[in-house]
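A short write-up of the structure that comes next.
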Amino acid sequence: MLLPEKQQSPSLTPRELEILTLILEGNSNREIAAKLHLSLPTVKEYCSRLYRKFNVKNRSKLLACFMNQETSVCQKYELKS
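Residue numbers (the working numbering): 1042 to 1122.
Put into structure tokens, the structure is as follows:
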């Protein structure tokens, strides 16, 4: 699944990038909350924001989005491809 061109590289806040990285590493919401000292509802809100920014409906689709993208998308966010 490729994102529409205008959404190839949405702008992310530093916290969103941090949470995205933890999601891509396979962490659950609870694990992310514990690692970042955030409440679970706060992590869920950040996840929802990421889903909207990447135009996906859930975590699985977000992961698939990165698995199917060119390395350049991961490089933009300095993520491991």
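Using N, Cα and C, we set each Cβ at its ideal position, and we do this for glycine too.
Since we're looking at a predicted model, the values are computed, not measured.
Beta-carbon gap between residue i and residue j smaller than 7 Å
| i | j | result |
| --- | --- | --- |
| Leu1061 | Ile1073 | no |
Inter-residue spacing [alpha-carbon to alpha-carbon] between residue i and residue j
| i | j | result |
| --- | --- | --- |
| Lys1085 | Ala1105 | 19 Å |
| Thr1083 | Leu1077 | 11 Å |
| Met1108 | Asn1068 | 16 Å |
| Leu1044 | Asn1099 | Caution applies to Leu1044, whose pLDDT of 46 falls short of 50 and renders its modelled position unreliable; the value that the coordinates give is listed next. In a straight line, the C-alpha of Leu1044 is about 14 Å away from that of Asn1099. |
| Glu1057 | Tyr1087 | 6 Å |
| Glu1059 | Glu1066 | 11 Å |
| Ser1089 | Asn1070 | 12 Å |
Cβ-based neighbour list, residue i, same chain, cut-off 6 Å, excluding 5 preceding and 5 following
| i | result |
| --- | --- |
| Lys1094 | Pro1051 |
Residue interval of the alpha helix (DSSP H) (run including residue i)
| i | result |
| --- | --- |
| Ser1052 | Where Ser1052 is concerned, there is no enclosing alpha helix (DSSP H), given that its DSSP letter is neither H nor E. |
| Lys1098 | Premise fails: Lys1098 is in no alpha helix (DSSP H) and is neither H nor E. |
| Asn1070 | Asn1070 to Leu1077 |
Chain-order list of residues whose beta-carbon lies under 7 Å from that of residue i (same chain, five-residue window excluded)
| i | result |
| --- | --- |
| Leu1103 | Ile1064, Leu1091, Tyr1092, Phe1095 and Val1097 |
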